[in-house]
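Undergrad: Counting with full-length UniProt numbering, you get residues 1 to 294 for the letters of the sequence shown.
In this text, a Cβ means the ideal position worked out from N, Cα and C, and glycines have one as well.
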Amino acid sequence: MAKISIFGGGAWGSALHHAFKEKNQSCIISRKNLNSPFQISKEEAQDSDYFAVAIKTSALISWLESFPLPKNAKILVASKGISQGLFVSDIFSKFYPLAKLSFLAGPSFAKEVIQNLPCALNIHSNNLEDAKEWLPLFPSFIKPYANTDVMGGEIGGAYKNVIAIASGICFGLNLGDNAKASLIARGLVEMCRFGQFFGAKEETFLGLSGAGDLFLTANSTLSRNFRVGIGLAQNKKLETILEELGEVAEGVQTSKEIYALAEKNNIYTPIAKEVSLILDGKDPKSSLMDLMKN
1 MAKISIFGGG AWGSALHHAF KEKNQSCIIS RKNLNSPFQI SKEEAQDSDY FAVAIKTSAL
61 ISWLESFPLP KNAKILVASK GISQGLFVSD IFSKFYPLAK LSFLAGPSFA KEVIQNLPCA
121 LNIHSNNLED AKEWLPLFPS FIKPYANTDV MGGEIGGAYK NVIAIASGIC FGLNLGDNAK
181 ASLIARGLVE MCRFGQFFGA KEETFLGLSG AGDLFLTANS TLSRNFRVGI GLAQNKKLET
241 ILEELGEVAE GVQTSKEIYA LAEKNNIYTP IAKEVSLILD GKDPKSSLMD LMKN
């Protein structure tokens with residue numbers, strides 16, 4: 001029985017802990033008191049066989065600077081997004097060049113994982129054997145696949161949150177199912193275009209890490225980013241939306257990061273652009289008209 005320590009006591013970190021404890025000694029580390037018998041200190045986690053990280057992306061760099069893991073650790077990164085112009089894989093490679101790094105992606109709401117509902121996920125690693133090592137650790141209700149397209153998995157997991165905000169706006173404006181389906185389809189094309197610029201494989205975006213995660217996140221009120229979009233369509237202030245949400249919506253920061261990278265590299269990303277502008281105060285109906293014209 002392997003000892004797996006999960007860092008991050010939020011919804012996704014808690015869901016991963018729940019999943020891994022079916023077959024392993026699963027522990028969770030959080031700055032919050034979770035009132036859980038499985039919660040341990042960061043010092044107690046040092047002798048773990050495996051580590052999973054579910055820290056919000058915006059806090060990753062400061063967290064990695066303050067808390068070292070073993071240099072050759074086997075790490076599964078469940079954080080999604082872009083921070084300070086850096087992809088999550090770049091951040092971890094910088095801090096842990098000798099570690100066995102893998103990255104989790106695919107359609108998975110934390111609420112449904114905790115209910116033991118079935119799903120399939122991708123584990124991406126530059127070394128396929130490192131990814132495969134995680135496969136038997138997953139519970140019976142999760143079907144994991146190993147994959148080597150780290151950039152594709154990462155961009156799919158980040159970009160889908162941006163399209164989910166746009167889809168929530170579409171839903172909140174009562175534009176209909178035709179419009180929402182069109183938006184999601186074009187969002188997939190945009191995601192693929194952006195990913196290929198950074199070396200991702202096109203087929204990754206047609207699988208679990210791309211289309212699968214996108215269809216889930218952009219179609220359900222269980223999605224925090226989808227709910228952000230609904231709030232924006234109702235002309236609520238972003239601060240109010242996030243306060244009501246009470247959880248991290250990674251797409252808010254990711255939208256701005258993707259738009260900045262797209263502008264810098266001259267990548268055509270009209271949906272990400274409009275989402276970023278709406279988050280900065282642009283009227284959603286004005287963005288709709290601009291999308292229809294361009």
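For residue 167, which three-state DSSP category applies?
TA: As a first step, residue 167 must be located in the sequence shown, where it is residue number 167. Residue 167 falls in the helix class under three-state DSSP.
Undergrad: Which residue from 7, 176 and 136 puts its Cα closest to that of residue 31?
TA: Along the sequence shown, read from residue 1 onward, the residue named residue 31 stands at position 31. When each option's Cα is compared against that of residue 31, the closest is 7.
Undergrad: Given 8 Å as the limit, is there contact between the region 261-279 and the region 175-194, that is, 3 or more CB pairs closer than that?
TA: Because the criterion of three Cβ pairs below 8 Å is met, the region 261-279 and the region 175-194 touch.
Undergrad: Taking all protein chains shown into account, decide if residue 69 is buried (16 or more other Cβ within 10 angstroms of its Cβ) or exposed.
TA: In the sequence shown, residue 69 corresponds to position 69, counting from 1. Buried is the call here.
Undergrad: Tell me residue 275's beta-bridge partners as DSSP assigns them.
TA: Taking the first residue of the sequence shown as position 1, residue 275 is located at position 275. Its beta-bridge partners do not exist; DSSP assigns none.
Undergrad: Just list the alpha helix (DSSP H) runs in the region 18-67, keeping only unbroken ones of 4 residues or longer that don't cross its boundaries, in chain order.
TA: Listed in chain order, they are 60-66.
Undergrad: Which value, in whole angstroms, describes the spacing of the CA atoms of residue 73 and residue 130?
TA: Mapped onto the sequence shown, residue 73 falls at position 73. Mapped onto the sequence shown, residue 130 falls at position 130. Cα to Cα, the separation comes out at about 11 Å.
Undergrad: Would DSSP call residue 237 helix, strand or coil?
TA: Here residue 237 refers to the residue found at position 237 of the sequence shown. If DSSP states are grouped into helix, strand and coil, residue 237 belongs with coil.
Undergrad: Go ahead and pull the three-state DSSP assignment for residue 230.
TA: Within the sequence shown, the letter at position 230 stands for residue 230. Helix.
Undergrad: Considering only the alpha carbon of each residue, which of 111, 97 and 77 lies closest to residue 124?
TA: Here residue 124 refers to the residue found at position 124 when the sequence shown is read from its first residue. Measuring from the Cα of residue 124, the nearest candidate turns out to be 77.
Undergrad: Between which two residues does the alpha helix (DSSP H) containing residue 91 stretch?
TA: Taking the first residue of the sequence shown as 1, we reach residue 91 at position 91. That run of the alpha helix (DSSP H) goes 88-95.
Undergrad: Whose C-beta lies closer than 8 Å to the C-beta of residue 234 among residues of the same chain, with five residues either side of it excluded?
TA: On the sequence shown, residue 234 is found 234 positions in, with the first residue counted as 1. Answer for residue 234: 172, listed in chain order.
Undergrad: With DSSP run on the structure shown, which of helix, strand or coil describes residue 98?
TA: Within the sequence shown, numbered from 1, the residue matching residue 98 stands at position 98. Coil.
Undergrad: Would you call the CB atoms of residue 217 and residue 160 closer than 8 Å?
TA: Position 217 of the sequence shown, counting from 1, holds the residue named residue 217. Position 160 of the sequence shown, counting from 1, holds the residue named residue 160. Cβ atoms of residue 217 and residue 160: closer than 8 Å.
Undergrad: Is residue 288 helix, strand or coil by DSSP?
TA: The sequence position of residue 288 within the sequence shown is 288, counting from 1. Correct three-state label for residue 288: helix.
Undergrad: Who are the near neighbours of residue 191 in its chain, counting only those whose CB is closer than 8 Å to its CB and skipping five residues on each side?
TA: The sequence position of residue 191 within the sequence shown is 191, counting from 1. The residues are 155, 156, 159, 160, 163, 205, 210 and 214.
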